[in-house]
Amino acid sequence: MIPEDTRCVFWFMGLSEQLELPVSIAKLPSLTSPSLYELADNPDAKRALWQQICHDEYNFFPHAE
1474 MIPEDTRCVF WFMGLSEQLE LPVSIAKLPS LTSPSLYELA DNPDAKRALW QQICHDEYNF
1534 FPHAE
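First residue of the sequence shown: 1474, per our numbering; consecutive thereafter.
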């Protein structure tokens, strides 16, 4: 079980459908991508993952100011 006060980014990799998460977790930032095996040979999937990372980069280091 994930504690209610968790503050992190979740990476959902290789899932074919969206998970049903508790509300406290679902509102946290998350990244989605194909599996690592698929990412290795798919430049478009890598690009999409990097776009997600760049969009939410402030969530990776929220206390870095």
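Glycine residues also receive a C-beta, built at the ideal position from the N, C-alpha and C atoms.
Which runs of the beta strand (DSSP E) spanning at least 3 residues fall entirely within the region 1483-1531, listed in chain order? 1483-1486 and 1503-1506
If you draw a straight line from the alpha carbon of Gln1524 to that of Leu1512, how long is it in whole angstroms? 14 Å
Measuring straight from C-alpha to C-alpha, what distance separates His1528 and Leu1522? 10 Å
Going by C-alpha distance, which of Leu1488, Thr1479, Ile1526 and Val1482 is nearest Tyr1510? Leu1488
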